[in-house]
Amino acid sequence: MAEQLRLMAVHAHPDDESSKGAATMAKYVAEGVDVLVVTCTGGERGSVLNPKMDRPDVWANIGDIRRAEMDAARAVLGVEQAWLGFVDSGLPEGDPLPPLPEGCFALQEVEVAAAPLVRLMRQFRPHVVTTYDEEGGYPHPDHIMTHKVTVAAFEAAGDPERHPELGEPWQPLKLYYDVGFSRAKIMGLHEAMLAAGLESPYGEWMKRWEERPDKGERITTRVDCAAYFPVRDDALRAHATQIDPDGFWFQVPMELQQRAWPTEDFQLARSLVDSPLPESDLFAGVRETCRAH
Numbered sequence: 170m171a172e173q174l175r176l177m178a179v180h181a182h183p184d185d186e187s188s189k190g191a192a193t194m195a196k197y198v199a200e201g202v203d204v205l206v207v208t209c210t211g212g213e214r215g216s217v218l219n220p221k222m223d224r225p226d227v228w229a230n231i232g233d234i235r236r237a238e239m240d241a242a243r244a245v246l247g248v249e250q251a252w253l254g255f256v257d258s259g260l261p262e263g264d265p266l267p268p269l270p271e272g273c274f275a276l277q278e279v280e281v282a283a284a285p286l287v288r289l290m291r292q293f294r295p296h297v298v299t300t301y302d303e304e305g306g307y308p309h310p311d312h313i314m315t316h317k318v319t320v321a322a323f324e325a326a327g328d329p330e331r332h333p334e335l336g337e338p339w340q341p342l343k344l345y346y347d348v349g350f351s352r353a354k355i356m357g358l359h360e361a362m363l364a365a366g367l368e369s370p371y372g373e374w375m376k377r378w379e380e381r382p383d384k385g386e387r388i389t390t391r392v393d394c395a396a397y398f399p400v401r402d403d404a405l406r407a408h409a410t411q412i413d414p415d416g417f418w419f420q421v422p423m424e425l426q427q428r429a430w431p432t433e434d435f436q437l438a439r440s441l442v443d444s445p446l447p448e449s450d451l452f453a454g455v456r457e458t459c460r461a462h
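One gets the numbering used here by counting positions in the sequence shown from 1 and adding 169 to each.
The structure is reproduced here in structure tokens:
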């Protein structure tokens, strides 16, 4: 009998799991995979990005509200979820940038901050781990720290000489970075909107893209999960402080999204199994290994 497949997705804040790889997770849940979302911080220093929620009572209880939103999104996606327990660093703004708050996640020593994630990896025993690239997907200090901590834990979890107090060693087999946006994806959605006679929300993005590096060439793995885009959107809406249901992320009609770009895309960063590239499955090579054992 094949071993139960397990996927761990490591994110910086509540809501990141719903905007990055959510449809992929929902697809695997539907296929019987155990999926655990790890949330590194509580999002306590996040902004309220939905005008309808920009109220004093929300700001006064933002930490508790974001935890409740995470519970709702977790239920929508059908995943398990664990908090790593660190405090949101906030996104510093200004010139020069102000220092990060004392004690925040981004100021922790990587080895120390990785330890609770090593414990979770040894407890949950994921075959596949997903997180952000070295730039954090975008340069938020918590996203960059999430990358560092996840890579460190991936490398330490299977080593019996490291953190023996944190449980029996377990080595995940593959590590992926989420590639949420590429030039080709934005262009595909933009042109599909124009072809449908609709105003594209990506006009300004296309201009900015000329000045920024394109990570499309990094993509190794495209997971066809268009059928689960509605689940992704429901999970996003569960994060009501962060997502305006009438805002930018919902301007492209669902059918058009599913047709123009039906995949979520990833970069294979580490692998201990053989799986020819490009891939269409995060568990490529893992399924065969689990069956063999």
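No residue lacks a Cβ here, since even glycine has one placed at the ideal position from N, Cα and C. In this text, all values refer to a predicted model and were calculated from it rather than measured experimentally.
- Runs of alpha helix (DSSP H) with 4 or more residues, each lying fully within the stretch 179 to 237, are found at 185 to 188, 191 to 199 and 225 to 229, listed in chain order.
- Judged by DSSP in its simplified three-state form, Trp-418 adopts helix.
- Residue ranges of uninterrupted beta strand (DSSP E) with 3 or more members, entirely inside the stretch 231 to 292 and ordered along the chain, are 249 to 255.
- At least 9 Å separates the beta-carbon of Arg-243 from that of Asp-203.
- With distances taken between CA atoms, Asp-257 lies nearest to Met-314 out of Lys-343, Trp-378, Met-314 and Ser-369.
- Closest in C-alpha terms to Glu-386, from the list Val-348, Pro-399 and Ala-361, comes Val-348.
- A direct Cα-Cα distance of roughly 8 Å separates Lys-221 from Asp-413.
- Straight through space, the alpha carbons of Asp-402 and Thr-389 are spaced by roughly 25 Å.
- Within its own chain, the residues whose Cβ lies closer than 8 Å to the Cβ of Phe-323, once the five positions on either side in sequence are excluded, are Met-290, Val-298, Pro-341, Leu-344 and Arg-439, listed in chain order.
- Ser-351 is not a Cβ neighbour of Asp-393, given a cutoff of 9 Å.
- Counting along the chain, Glu-360 sits inside the alpha helix (DSSP H) bounded by residues 352 to 364.
- Gly-215 is positioned such that its CB atom lies no closer than 9 Å to that of Asp-240.
- Per DSSP, the continuous beta strand (DSSP E) segment holding Leu-344 begins and ends at 343 to 347.
- The bridge partners DSSP lists for Val-298 are Met-177 and Leu-344.
- About 6 Å separates the beta carbon of Ser-188 from that of Leu-405, a gap short enough to meet the 8 Å contact definition.
- Rounded to the nearest whole angstrom, the CA to CA distance from Pro-225 to Ala-181 is 25 Å.
- Annotation: the continuous alpha helix (DSSP H) that includes Glu-424 extends over 423 to 429.
- Counting along the chain, the unbroken alpha helix (DSSP H) around Phe-323 starts and ends at 310 to 325.
- With 16 or more other Cβ atoms from the protein chains shown falling within 10 Å of its own Cβ, Arg-235 counts as buried.
- In this structure, the CA atom of Ala-353 is about 10 Å from the CA atom of Glu-360.
- Counting along the chain, no alpha helix (DSSP H) covers Ala-409, and no H or E run does either.
- Taken through DSSP and simplified to helix, strand or coil, Leu-335 comes out as helix.
- Note that the C-beta distance between Val-206 and Gln-250 is below 9 Å.
- Annotated three-state conformation of Arg-391 is strand, per DSSP.
- C-alpha of Asp-233 to C-alpha of Gly-211: approximately 9 Å in a straight line.
- In the assembly as shown, Tyr-307 is an exposed residue. Its beta-carbon has fewer than 16 other beta-carbons within 10 Å.
- The alpha-carbon separation between Pro-447 and Arg-288 amounts to approximately 32 Å.
- C-alpha of Asn-230 to C-alpha of Glu-238: approximately 12 Å in a straight line.
- Where Arg-439 is concerned, the enclosing beta strand (DSSP E) starts and stops at 432 to 440.
- Pairing Arg-391 with Phe-435 gives a Cβ-Cβ distance under 9 Å.
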